[in-house]
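Just so you know, we're using this note's numbering here: the sequence shown kicks off at 67 and counts up by one. Ideal Cβ placement from N, Cα and C applies to all residues, glycine included.
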Amino acid sequence: MYTNIIRLAPMLLFGFIVCASIVACIGKARASEADSDSLVNGLALSDMKVTITSKGHTATFQLYGTKAAQEFYDQLPLKLDLTNFRDAQWMFYPPKKLSVTANEAYHDGKKGELSYYEPWGDAFMLYKDFYAGDEMHRLGVGLSGIDDIAEMSGNAIIQKIEQNAAGDEATMQMTVSANGNTIVFELNDSSAAKELYSQLPLDIAVENYSSNEKIFYPPKKLNTANTPLAKNVQAGTLAYYAPWGDVVMFYGSFGSASGLYELGHAITGREHIKQLSGTIRIGTGNTP
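Okay, structure coming up:
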């Protein structure tokens, strides 16, 4: 009897180690999935924000947490000349070249992105989708004024958006991930947006509605006190329809409707809203 126990002991120990390893691997996988919710194009966004102003038009960008983005940020403010390239981008040359890495490189550029082309040493703002055979490198995503980029020309003033002395309140960001794509929404400071944010993260079913909406139902209805009505809704608008209790992600223009409240807008990935289906993962991402 004791001999059997002695023989079984190593097997039991081995089984325990295997189980522990499996649990650890599952934990790492889940942690990895959670971390990926806050990534955009595989890169983490930083708290660095900049404005680029030309001809009375201003676009605002949030930079990634990369070395190249930090080096660009450290050179600001700048006053530089803009050069048009292939009727899709305005490019300019920072005084010092930036240090890029392979994981920032991409080919298929989207309207509103701020990027860098290492062979020439130029940074550029895309006002149209743009495919390049050579590698471009991501610097940041457009937050506002994306449609104004096309109207720029001549010289541009590039500045940091500094925090005030008291420190700005954190901006709430919501990520929606499905089918390998991520959409990032910047939420407003309304009661409804805060209540939605407090319910995250969620794995939840998304539904089609009409020809320009994707909707989901948060577990708890939202308080619309101090929440602005949604007016002149455009692609990328995030809203809440109080009569039904559903959150709406618009991928087309809509206008307005009674009981429809604005929660925020997509700052990147809005082109993926139309393809959402099945179960989506909704997470959080905070930037000061």
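In this structure the region 120 to 127 lies against the region 204 to 218, because at least three pairs of beta carbons, one per stretch, are closer than 8 angstroms. Remark: C-beta atoms of residue 126 and residue 209 approach each other more closely than 8 angstroms.
DSSP lists 116 as the bridge partner or partners of residue 226. Taking C-beta atoms as the reference points, residue 282 and residue 299 fail to come closer than 8 angstroms. Under the 8 angstroms Cβ criterion, the region 148 to 164 counts as touching the region 187 to 200, having at least three qualifying pairs. For residue 143, same chain residues with a beta-carbon under 6 angstroms away, outside a window of 5 residues either side, are 225 in chain order. Inter-residue distance for residue 178 and residue 156 is about 11 angstroms (C-alpha atoms, whole angstroms). Under the three-state reduction of DSSP output, residue 184 falls in the coil class, being neither helix nor strand. For residue 141, no beta strand (DSSP E) encloses it, and the DSSP letter there is neither H nor E. Residues of the same chain with a CB within less than 8 angstroms of the CB of residue 285, apart from the 5 flanking positions on each side, are 265 and 268 in chain order. The region 248 to 291 is shown to contain whole beta strand (DSSP E) runs of 3 or more residues at 268 to 271, 273 to 275 and 279 to 282, in chain order.
The closest CA to that of residue 106, considering only 166, 335 and 133, is found on 335. Pairing residue 160 with residue 204, the inter-Cα distance amounts to about 15 angstroms.
The C-alpha of residue 262 is placed about 11 angstroms away from the C-alpha of residue 330.
Boundaries of the beta strand (DSSP E) harbouring residue 150: 149 to 151, taken from the DSSP string. For the pair of segments examined, the region 303 to 318 was found to touch the region 336 to 350: the number of CB pairs separated by less than 8 angstroms reaches three. Leaving aside the five residues that flank residue 163 on each side, the residues in its chain whose CB is nearer than 6 angstroms to its CB run, in chain order, 187. When DSSP states are grouped into helix, strand and coil, residue 341 belongs to the helix group. Across the set 166, 148 and 147, the C-alpha of 166 shows the shortest separation from the C-alpha of residue 138.
Our two residues, residue 322 and residue 278, have alpha carbons roughly 13 angstroms apart in a direct line.
The straight-line gap separating the alpha-carbon atoms of residue 207 and residue 310 is approximately 33 angstroms. Residue 184 and residue 343 have their C-alpha atoms some 37 angstroms from each other.
Counting only the Cα atoms, residue 174 lies some 25 angstroms from residue 348.
Across the structure, residue 202 and residue 239 are spaced so that their CA atoms are roughly 26 angstroms apart. If you look at residue 300, you'll find it isn't in any beta strand (DSSP E); DSSP assigns it neither H nor E. Of the other Cβ atoms in all chains shown, 16 or more fall within 10 Å of the Cβ of residue 211; this residue is therefore buried. 291 is the residue among 291, 273 and 250 whose C-alpha sits nearest the C-alpha of residue 257.
Residue 320: not part of any beta strand (DSSP E); DSSP gives it neither H nor E. Taken atom to atom, the span from the alpha-carbon of residue 255 to that of residue 293 is near 8 angstroms. Under DSSP, residue 166 shares a beta bridge with no residue.
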